[in-house]
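Enquirer:
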Amino acid sequence: MIRFANVFKEYPRTGLALNDVSFAVGKGEFIFLTGPSGAGKSSILKLIYMEELPTRGDVWVSGTRARGIKHRDVALLRRKLGVVFQDFRLLEDRTIEQNVAFALDVIGTPKEKIHPKVSRLLTQVGLASKSTNYPRELSGGEQQRVAIARALANDPFVLVADEPTGNLDDRATRGVFQLLRDINASGTAVVMATHNLDVVKRSDFRVLEINRGQLVFDSADEKRRTPDLTP
Amino acid sequence: MSLALREAMLGFKRAPVLSALSVTTIAFSLFAFGLFSLVALNIRNTLRNVESRVEIRAFLVDSTPPESIAAAMGDIGVYTEVARVEYVTPEQALERARKELGEFNDVFEAGVLPGSIDVRLRDGFRDPNTVKQIADRIKVYTFIDDVRFGEEWVKKLYSIRNVATAAGIILGLAFAAVAIIVIGATIRMAVMARSREISIMRLVGATDGFIRRPFLIEGFVKGVLGGAMALALTYVASSLISRYFIQTEFFGVRLALLGLLGGAIIGVVGSAVSVGRQIRRVQ
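One line per chain: the protein sequences are F and A, in this order.
Quick note: the first sequence, position 195, residue 198 per our numbering, numbers continuous.
Quick note: the second sequence, position 21, residue 22 per our numbering, numbers continuous.
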């Protein structure tokens, strides 16, 4: 589904962000990406949804290859993924219903199909009753759920989450994480970058630890050294 | 498609002052173009009227026998370039002179002005070279004393017309370029204002074409509105000139529609030129 093969990523101003990273993500897996700030977690995620391309090495996502990819193909790939951010990235001047509908509009979903699908998605994340509210009227946890609903609009095969609980309190964090687990349980792969080691410790999902641009631990790979999960 | 249209209309609502500014700038650019076209159009009409009076006057030697005159007229009359041949007797010449130049009334006695064969040329054969050629052919007759065809004046006519047309085109293009630059600037501002939305559009998989569309439609609408406004301004200008200076002709329906189409093209081209680049800047 997702494969990184000897990926190096260098940014013009900040230098080498990823140093020979290789791993593969299978269908329906749940992966944690851990590591200190600046370790390269966001870079890995950006390479997955191809906001960035590898300087050296190659990335495959659902059969689409990063090397030589055309601008238009990036857009088409993104329709198979869902991306969620720490800062939610909702449109403030639209209701949450319109926010989710937006994703369907953009890919040309016929009008009649949009409304029922939006209802289903909002129900799935537990916000059907607030469909006509604006983002600012919701709590952080609720806004993130809207973002997740939007990310699910295209029935993605993988949900990419960049510190999704970073701005949330403990309760909201638990709620959002549970939602992600449920989504994963129904077959969607999840790749989640997080600082929150509590959440990581409490589950037995696969862990990829990044430090200074290198993949220092992969729980699926027993040959590597044991992870540093001490707080 | 309807989403794009809605987005374009929203664009006007969200930045009414900016939109009004773009439309007005396009309008003034096209207005300048329109004024010049109006001038060129009216000059051309005047020239055409004057042109149709281009004639060659072949003055006859005194006491040329009527048969010679008739024969010459017969010959000249069948030239392909000739529309009409007329014989003006000395008396008729005097009458004409008295009418056109009032002060000659008491000066003239009969026989002062010679008779002439007046030749009117057909449409399409009135350019300086053709006129000279015909004049030279007519000069051949021995009883033809002098041939006048206002050589200088015919040449001047043509050069005025050419200059007017060239100036109109050059200025028109220059103003169109200005309008395109202005639209480019407003597009840049519009894209920046909507960069958050565009970012999210990209995230959920919108293609460049999808993102571009509302801006192009907005450019089209602004162009048409600008064109309509310019047409109205030109109409007012033309009416004012007609009222206070000289009768001017306004554009026909076809030219007016062409003007609106021109506005639309400027609007779309102006948008297209900068929108692609601006959108690529937004990740």
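Just so you know, even glycine gets a beta-carbon here, dropped at the ideal spot from N, CA and C.
1) Write down the C-beta distance between Ser30 of chain A and Ala180 of chain A rounded to the nearest angstrom, noting that I regard them as a contact closer than 8 Å.
2) Are at least three pairs of beta-carbons, each pair with one atom in the stretch 195-208 of chain F and one in the stretch 164-179 of chain F, less than 8 Å apart?
3) Is it the case that the stretch 126-133 of chain F contacts the stretch 65-84 of chain F, given that we only count it when at least three CB pairs across the two stretches are under 8 Å?
4) Just the chain A side, please: which residues come within less than 9 Å of Ile51 of chain F by C-beta, in chain order?
5) Residues bridged to Asp146 of chain A by DSSP?
6) So, do the stretch 176-188 of chain F and the stretch 5-24 of chain F have three or more beta carbon pairs nearer to each other than 8 Å?
7) Return the first residue and the last residue of the alpha helix (DSSP H) that Phe105 of chain F is part of.
8) Can you name the residues that DSSP bridges to Thr37 of chain F?
9) When you check each C-beta in the stretch 186-209 of chain A against every C-beta of chain F, which residues fall closer than 8 Å?
10) Counting only Cβ pairs nearer than 7 Å, list the residues of chain F close to Phe29 of chain A.
11) Would you say Phe251 of chain A lies against chain F (beta-carbon separation less than 8 Å)?
12) Who are Glu56 of chain A's beta bridge partners in DSSP?
13) Using a beta-carbon distance below 8 Å, is Arg139 of chain F in contact with chain A?
14) Straight-line CA distance for Ala194 of chain A to Met10 of chain A?
15) Rounded to whole angstroms, how far is the Cβ of Ile184 of chain A from the Cβ of Ile280 of chain A, which I believe are closer than 8 Å?
16) What are the partner residues of Gln284 of chain A, as DSSP defines its beta bridges?
17) For a minimum of 4 consecutive residues, which ranges assigned as the alpha helix (DSSP H) are wholly contained in the stretch 123-183 of chain F?
18) I'd like the span of the alpha helix (DSSP H) that includes Met230 of chain A, first residue to last.
19) Is DSSP giving Ala223 of chain F helix, strand or coil here?
20) Does Ile47 of chain F come within less than 8 Å of chain A when only Cβ atoms are used?
21) Going along chain F, which residues have a C-beta under 9 Å from Phe211 of chain A?
Expert: On the basis of the data shown:
1) Indexing the second sequence from 1 puts residue 30 of chain A at position 29. Indexing the second sequence from 1 puts residue 180 of chain A at position 179. Confirmed, Cβ separation roughly 4 Å.
2) With the cut-off at 8 Å, the stretch 195-208 of chain F and the stretch 164-179 of chain F touch.
3) No, the stretch 65-84 of chain F does not touch the stretch 126-133 of chain F.
4) Taking the first residue of the first sequence as position 1, residue 51 of chain F is located at position 48. Simply none; closest approach about 13 Å.
5) By one-based count along the second sequence, residue 146 of chain A stands at place 145. DSSP links Asp146 of chain A through a beta bridge to no other residue.
6) no
7) Within the first sequence, the letter at position 102 stands for residue 105 of chain F. Ile99 to Val109 is the span of the alpha helix (DSSP H), which, as asked, contains Phe105 of chain F.
8) Reading the first sequence from its first residue, position 34 is the one you call residue 37 of chain F. BP columns for Thr37 of chain F point to F:Glu212.
9) Arg197, Glu198, Ser200, Ile201, Met202, Arg203, Leu204, Val205, Gly206, Ala207, Thr208 and Asp209
10) Numbered from its first residue, the second sequence carries residue 29 of chain A at position 28. Correct list: empty, because the minimum Cβ distance to chain F is about 33 Å.
11) Translated into positions along the second sequence, residue 251 of chain A becomes position 250. Phe251 of chain A does not count as touching chain F.
12) Position 55 of the second sequence, counted from the start, is the residue given in the question as residue 56 of chain A. In DSSP, Glu56 of chain A forms a bridge with A:Arg121.
13) Taking the first residue of the first sequence as 1, we reach residue 139 of chain F at position 136. No, Arg139 of chain F lies away from the interface with chain A (no Cβ there is under 8 Å from its Cβ).
14) Counted from its first residue, the second sequence places residue 194 of chain A at position 193. Counted from its first residue, the second sequence places residue 10 of chain A at position 9. So the two alpha carbons sit approximately 15 Å from each other.
15) Translated into positions along the second sequence, residue 184 of chain A becomes position 183. Translated into positions along the second sequence, residue 280 of chain A becomes position 279. Going by Cβ atoms, the distance from Ile184 of chain A to Ile280 of chain A rounds to 15 Å, so no, they are not a contact pair.
16) Indexing the second sequence from 1 puts residue 284 of chain A at position 283. The beta-bridge partner set that DSSP reports for Gln284 of chain A is empty.
17) 143-154
18) Along the second sequence, read from residue 1 onward, the residue named residue 230 of chain A stands at position 229. Counting along the chain, the alpha helix (DSSP H) containing Met230 of chain A begins and ends at Asp209 to Tyr245.
19) As a first step, residue 223 of chain F must be located in the first sequence, where it is residue number 220. Residue state for Ala223 of chain F is assigned as coil, using DSSP reduced to three classes.
20) As a position in the first sequence, residue 47 of chain F is number 44, starting the count at 1. Chain A contact via Cβ: absent.
21) For the purposes of this step, residue 211 of chain A is identified with residue 210 of the second sequence, where counting begins at 1. Those within 9 Å of Phe211 of chain A in chain F are Ala78, Val109, Ile110 and Gly111.
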